[in-house]
């Protein structure tokens, strides 16, 4: 297995495309690997990150009439975007989804979904085998049990898939605090979704009286 290393292995917003898979009521009801609210929070943060960094995002569900719509927290971020409802369990066998991903012209494919062992592992393994640079956001995904989630992660790693959390992704996309274009939106996401660390960041701003620099205040 080749190692994933070097600067080019880090994720870049201009090269990334995000696919969110089956964050639906039925899947959430069967979630056993994570606290459900944590997954909703993390997925919402991931969705907001993609919008803030202008990363194309494909939303997809499976049999929504029976399994429920995507979480409102996701569709509220992209209110005018079509959610592709599939019959395929494996998203990467759905031509409409794959064609949309290919149309972006980007090769850093980022996936999160429910459940990890089925609807995340299948497309991640297939896409990696077809030459895509695939990353799974593990804390915006989840399995039926903790074991099934962890075994799926091990299986995907063995297939060459990269694993990250949403906060790690935020760091790689931002990369340099001198790039102020996204700092304001990123800061709001961290405050809203990073729990105690986000509140501590807000506190730091209060104590130091250092509001986040906006594009208008920086002269950009």
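In the working numbering, the protein residues as written are 40 to 259.
Glycine included, every Cβ here is placed at the ideal spot set by N, Cα and C.
{"Query": "State buried or exposed for residue 180, treating a residue as buried only when at least 16 other CB atoms are found within 10 Å of its CB.", "Result": "buried"}
{"Query": "What's the gap between the Cα of residue 163 and the Cα of residue 71?", "Result": "21 angstroms"}
{"Query": "Grouping DSSP H, G and I as helix and E and B as strand, with all else coil, what is residue 81?", "Result": "helix"}
{"Query": "If we ignore side chains and look at the alpha-carbon of each, how far apart do residue 204 and residue 139 end up?", "Result": "24 angstroms"}
{"Query": "Please state whether DSSP places residue 124 in a helix, a strand or coil.", "Result": "strand"}
{"Query": "I need the DSSP call for residue 94, collapsed to helix, strand or coil.", "Result": "coil"}
{"Query": "Tell me which residues share the same chain as residue 237 and place their Cβ nearer than 7 angstroms to its Cβ, disregarding the 5 neighbours each side in the sequence.", "Result": "229, 230, 231"}
{"Query": "Closest by CA to residue 156, which one among 95, 175, 99, 233?", "Result": "175"}
{"Query": "Using the rule of at least 16 other Cβ atoms within 10 Å of the residue's Cβ for burial, across every protein chain shown, is residue 133 buried or exposed?", "Result": "buried"}
{"Query": "What residues in its chain sit with their C-beta under 7 angstroms from that of residue 184, if we drop five residues either side in the sequence?", "Result": "71, 72"}
{"Query": "Please say whether residue 85 and residue 151 have beta carbons closer to each other than 8 angstroms?", "Result": "yes"}
{"Query": "Quick one: what's got a C-beta closer than 6 angstroms to residue 65's C-beta in the same chain, skipping five residues either side?", "Result": "106, 107"}
{"Query": "With 16 other CB atoms within 10 Å as the buried threshold, where does residue 191 fall?", "Result": "buried"}
{"Query": "Residue 68: buried (16+ other C-beta within 10 angstroms of its C-beta) or exposed?", "Result": "exposed"}
{"Query": "What does a CB cutoff of less than 8 angstroms around residue 56 pick up in its chain, not counting 5 residues either side in sequence?", "Result": "94, 95, 96, 97, 140, 143, 145, 147, 148, 149"}
{"Query": "Do residue 195 and residue 160 have their CB atoms nearer than 8 angstroms?", "Result": "yes"}
{"Query": "Report the rounded CA-to-CA distance for residue 87 versus residue 243, giving the unit in angstroms.", "Result": "23 angstroms"}
{"Query": "Use the C-beta contact count for residue 42: other C-beta atoms within 10 angstroms, 16 or more gives buried, fewer gives exposed.", "Result": "exposed"}
{"Query": "Pull the bridge partners of residue 201 from the DSSP assignment, please.", "Result": "174"}
{"Query": "My understanding is that residue 171 touches residue 52, with C-beta atoms under 8 angstroms, so please give their C-beta distance in whole angstroms.", "Result": "Rounded, the Cβ-Cβ distance is 17 angstroms, inconsistent with contact."}
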